[in-house]
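Going left to right, the sequence shown walks through residues 72 to 386 as the working numbering numbers them.
A virtual CB, placed ideally from N, CA and C, is assigned to each residue, including glycine.
Each remark here refers to the structure printed beneath this line.
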Amino acid sequence: MDYIVMKFGGTATSTSKTREKIINIISKIKNKKILLVVSAMGRVGFPYATDTLLNLIDTSMSSKKEIDELLACGEIISSVVISNSLNQNNIKAQALSLKEIGLFFNNDFSFKNSKIIDKFSLYKVLVVPGFIALNDDENIVTLKRGGGDLSACVFAKYLNCSKVYLFKDVDGILPFISPGYKNLKFIRYLNYEEASALSNIGFKIIQQDALDFAFKSNLKIIVSNYESGKVGTIIGSTPNNKRIIGMNFTKNSIKIATLSPTLVDEQIKKNFSNCHLFFKSFTINKNYVEYSLGVNQLQLAKKMLIETYFKDYLC
Numbered sequence: 072m073d074y075i076v077m078k079f080g081g082t083a084t085s086t087s088k089t090r091e092k093i094i095n096i097i098s099k100i101k102n103k104k105i106l107l108v109v110s111a112m113g114r115v116g117f118p119y120a121t122d123t124l125l126n127l128i129d130t131s132m133s134s135k136k137e138i139d140e141l142l143a144c145g146e147i148i149s150s151v152v153i154s155n156s157l158n159q160n161n162i163k164a165q166a167l168s169l170k171e172i173g174l175f176f177n178n179d180f181s182f183k184n185s186k187i188i189d190k191f192s193l194y195k196v197l198v199v200p201g202f203i204a205l206n207d208d209e210n211i212v213t214l215k216r217g218g219g220d221l222s223a224c225v226f227a228k229y230l231n232c233s234k235v236y237l238f239k240d241v242d243g244i245l246p247f248i249s250p251g252y253k254n255l256k257f258i259r260y261l262n263y264e265e266a267s268a269l270s271n272i273g274f275k276i277i278q279q280d281a282l283d284f285a286f287k288s289n290l291k292i293i294v295s296n297y298e299s300g301k302v303g304t305i306i307g308s309t310p311n312n313k314r315i316i317g318m319n320f321t322k323n324s325i326k327i328a329t330l331s332p333t334l335v336d337e338q339i340k341k342n343f344s345n346c347h348l349f350f351k352s353f354t355i356n357k358n359y360v361e362y363s364l365g366v367n368q369l370q371l372a373k374k375m376l377i378e379t380y381f382k383d384y385l386c
């Protein structure tokens, strides 16, 4: 049987209108069984969003077990709602319980008495909550924030898929975000190390644990926009040899993602000197370099770096 694993985040599951986008994507997939991993609906302020649920209690007065049980409610509600929406549109689906899923986490993942394969004989789509699993005592445990991405990767490995689709509210991964630079082209291909470097400078589109799991499992990650369903950024093992991968900015610094930090540091300092730009301090890390600059110098440095290294992404 041919399986496909797709994960939709809280933005996609949040309203009936956005859920129609999910249905539209699912309806176009033929001759495959679909495991659909879903996050709690919406962001803080939505009634069942993770942060909304968390704000209902004083966490210092509850055990981790109680907090995990509370937070799991959002994901479970979302799975039932999505399954119901699919069935209303004549797509045979069922939301699975944690016991039926059989996913356990205790320092590592395992499946025990899972009914997933059996259920696929009856349904085209199985909907499962992301971000949660069971421990050895069969109590609910939550993964780190953004753990729905990791859940999707774990299910993809279990079903022997070579790839996993993560649907986000962005077209793909951009090399930087800065006012004044609109309609940038996204990065088409990244390898796992490059994606991790971007994560380390503050790009939180994909959870780092999910990237690590995908790398160990040789699992390709396809980042797509749920609004259009189009493939955005593909993360895999293909080497790209990009010296400078992306940049992120704070109020007083620039972080540059790279797998060659020493070489890039030498190159950037030479560019700064040629442009009469002065930085206050710098840091060289495993996969990025960071420069602290004054406000005026920062804006000039940002413009110089974008126009020097990211021309291909400018529209």
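Could you check whether residue j and residue i sit closer than 8 angstroms to each other, using their CB atoms as the reference points?
i, j, result
"Phe349", "Ser363", "no"
"Gly201", "Glu146", "yes"
"Leu376", "Ile316", "no"
"Gly243", "Thr309", "no"
"Val109", "Ile162", "no"
"Ser149", "Thr84", "yes"
"Arg90", "Ser156", "yes"
"Val212", "Ala164", "no"
"Val360", "Asp383", "no"
"Leu106", "Val76", "yes"
"Lys253", "Asn296", "no"
"Gly307", "Asn358", "no"
"Lys195", "Lys104", "yes"
"Lys228", "Ser288", "yes"
"Phe247", "Phe381", "yes"
"Ile277", "Ile292", "yes"
"Phe17", "Ser249", "As shown, the chain starts at 72 and ends at 386. That puts residue 17 outside it, with no answer to give."
"Tyr74", "Leu230", "yes"
Expressed to the nearest angstrom, what Euclidean distance is found between the alpha-carbon atoms of residue i and residue j?
i, j, result
"Lys135", "Leu385", "46 angstroms"
"Lys341", "Asp280", "36 angstroms"
"Ala204", "Val302", "29 angstroms"
"His347", "Ala120", "49 angstroms"
"Ala166", "Ala328", "40 angstroms"
"Asn323", "Lys374", "15 angstroms"
"Asp129", "Leu141", "12 angstroms"
"Glu298", "Met318", "26 angstroms"
"Leu378", "Gln338", "Position check: residue 378 holds Glu in this sequence, whereas Leu was assumed. Their Cα atoms are separated by approximately 15 angstroms."
"Asn210", "Phe182", "15 angstroms"
"Asn60", "Asp207", "A query on residue 60 cannot be resolved here, the shown segment of the chain reaching from 72 to 386 and no further."
"Phe286", "Phe353", "30 angstroms"
"Leu369", "Gly251", "15 angstroms"
"Met132", "Ala143", "18 angstroms"
"Val366", "Lys78", "40 angstroms"
"Asp179", "Asp220", "16 angstroms"
"Leu334", "Glu171", "52 angstroms"
"Leu371", "Asn345", "13 angstroms"
"Val241", "Leu127", "30 angstroms"
In three-state terms, what does DSSP make of residue i?
i, result
"Phe349", "coil"
"Met132", "helix"
"Ser249", "coil"
"Val199", "strand"
"Met112", "coil"
"Glu137", "helix"
"Val294", "strand"
"Gln165", "strand"
"Ala204", "strand"
"Ser150", "helix"
"Met72", "coil"
"Val235", "strand"
"Gly303", "strand"
"Leu157", "helix"
"Glu262", "In the sequence under discussion, the amino acid at residue 262 is Asn, which differs from the Glu named in the question. Three-state DSSP puts Asn262 in a strand."
"Asn289", "coil"
"Val360", "strand"
By Cβ distance, which residues of its chain are closer than 7 angstroms to residue i, with the 5 residues on each side in sequence left out?
i, result
"Glu265", "Asn311, Lys313, Ile316, Leu330"
"Gly116", "Thr123"
"Ala268", "Ile316, Ala328, Thr329, Leu330, Asn358, Tyr359"
"Met72", "Lys104, Phe191"
Once the 5 residues before and after residue i are set aside, which same chain residues still bring their CB inside 8 angstroms of it?
i, result
"Asp139", "Ile203, Asn210, Ile211, Val212, Thr213"
"Asn95", "Gly300"
"Pro332", "Ile355, Asn356, Lys357, Asn358, Tyr359, Val360"
Just to confirm my understanding: we take residue i, look at its own chain, exclude 5 residues before and 5 after, and list those with CB closer than 6 angstroms. What are they?
i, result
"Ala111", "Gly81, Tyr119, Ala120, Thr121, Gly145, Glu146, Ser149"
"Gly218", "Phe202"
"Ser270", "Gln279"
"Leu255", "Leu245, Tyr384"
"Asn160", "Ile94"
"Gly113", "Gly81, Ser85, Ala120"
* Asked: Touch check for the segment 232-247 and the segment 187-197: three-plus C-beta pairs under 8 angstroms?
  -> With a cut-off of 8 angstroms, the segment 187-197 and the segment 232-247 do not count as touching, because too few Cβ pairs lie within range.
* To do: Report yes or no: do three or more beta-carbon pairs, one from the segment 89-106 and one from the segment 172-186, lie closer than 8 angstroms?
  => Touching, no.
* Asked: Between the segment 275-292 and the segment 214-230, do three or more beta carbon pairs fall short of 8 angstroms?
  -> Because the criterion of three Cβ pairs below 8 angstroms is met, the segment 275-292 and the segment 214-230 touch.
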